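Structure record follows, encoded as structure tokens.
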Amino acid sequence: MIEVRGLTKRYPGRTVSRNAVDGIDLDIPEGKLVTLLGPSGCGKTTTLRLIAGLERPDAGRIRIGDRLMCAPAEGVFVGVHQRPIGVVFQSYAVWPHMTAVQNVMFPLQSGQKRLPKAQARKRAMEALDLVGLAEFADRPAPALSGGQQQRVSLARALTREPEVLLLDEPLSNLDAGLRDRVRDEIRAVQLRLGITTVFVTHDQDEALAVSDEVIVMDSGRIVERGQAQDIYRCP
Ligand code: ADP
Ligand code: ADP
């Protein structure tokens with residue numbers, strides 16, 4: 001579903017010449033949730049941003065479904081808004097001057113495929129219902145708890161019905177007590193939709209609890225991959 005080959009990214013102006021992402025290959029199967037796990041600075045976020053089209057690679061190819069998203073050698077680069085993806089970042093990134101439903105409607109009313117307001121609201125309500133927030137639709141976003149705000153972000157990422165969901169440390173700004181709950185909600189939604197998902201985390205327990213497969217990165221490379229339970233048997 002997501003096929004990555006030889007993906008390489010180097011940030012300019014770094015004194016130590018090291019690739020942030022150093023020639024990685026990935027195959028993320030359709031409908032699965034795969035975690036990118038590893039210490040801070042190992043290249044997880046850069047990999048996710050490259051798949052999202054928020055960064056341009058120096059080399060490699062990324063395919064989503066049967067469409068080539070980028071291949072610098074061939075001059076191919078599909079921008080973030082044209083990719084069939086939804087993204088959730090670690091900060092809740094809800095717009096504070098809007099209600100929950102206005103936040104979720106926003107992507108439907110901007111860009112090239114603008115929906116009329118009534119239709120956008122209907123689709124946004126479906127997405128909020130999916131994350132269990134329908135009854136909070138008309139609350140101002142800042143009046144929601146951190147966990148609820150992160151579920152609004154998830155609903156917003158899903159509202160355009162993407163083929164792929166990209167989650168960058170979606171739990172790490174939440175209180176410890178909320179993390180497990182939101183994690184389980186994310187997994188439940190992912191399974192219900194059967195949506196192919198890449199989940200970035202530095203937390204082993206989180207990776208173990210949430211994923212079908214874990215890919216361990218270090219210094220821009222993949223050092224281990226497998227079913228969550230197998231990875232944890234490694235020394
Ligand atoms: P992780 O998500 O695993 O913490 P990142 O992908 O954020 O790792 O970072 C990988 C490496 O690239 C790190 O050395 C980081 O400092 C560097 N890096 C990330 N983003 C930038 C940037 N915009 N400019 C320069 N260096 C960056
Ligand atoms: P995150 O792990 O969510 O990316 P960071 O604080 O590591 O959080 O990075 C925040 C932003 O700064 C990101 O857009 C990242 O690409 C950029 N960044 C990370 N490391 C560096 C760096 N060494 N130099 C410049 N920008 C960086």
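Quick note, the sequence shown lines up with residues 1 to 235 if you use full-length UniProt numbering.
For each residue, glycine too, the CB sits at the ideal point set by N, CA and C.
The structure presented is a predicted model; accordingly, all values stated were derived computationally and were not measured.
Check, Outcome
"Per-residue burial, Y11 [other beta carbons within 10 Å of its own, 16 or more giving buried]", "exposed"
"S40 CB to nearest heavy atom of ligand 1 below 7 Å", "yes"
"Cβ-Cβ separation, I215 to V34 (assumed contact under 8 Å), whole Å", "6 Å"
"Pick from S40, C70, P39, C42 that is closest to residue 255, judged by C-alpha positions", "Nothing can be reported for residue 255, as the shown portion of the chain is limited to 1 through 235."
"Contiguous beta strand (DSSP E) assignments of at least 3 residues, all confined to the segment 143-216", "164-168, 196-201"
"Closer than 7 Å: G23 CB and nearest ligand 1 heavy atom", "no"
"Best match in D66, V4, K44 for proximity to G220 [C-alpha to C-alpha]", "K44"
"Residues bridged to E224 [DSSP beta-bridge criterion]", "V216"
"E30 versus A20: straight-line alpha-carbon distance, rounded", "26 Å"
"Bridge-paired residues (DSSP) for G86", "L165"
"Collapsed DSSP secondary structure at A59 in the structure displayed", "strand"
"6 Å CB neighbourhood of R63 in its chain, flanking five on each side removed", "E3"
"Local Cβ density within 10 Å of L7, reported as buried at 16 or more and exposed below that", "buried"
"N-terminal and C-terminal residue of the alpha helix (DSSP H) that A105 is part of", "According to the sequence provided, residue 105 is Met. The question's Ala does not apply to it. Segment 100-105, the alpha helix (DSSP H) holding M105."
"Opening and closing residue of the alpha helix (DSSP H) in which D129 lies", "117-130"
"Heavy atom of ligand 1 within 7 Å of T197 beta-carbon", "no"
"Proximity test, Y92 beta-carbon vs ligand 1 heavy atom, cut-off 7 Å", "no"
"Sequence-distant residues of its chain with Cβ nearer than 8 Å to D138 (five each side left out)", "T99, A100, V101"
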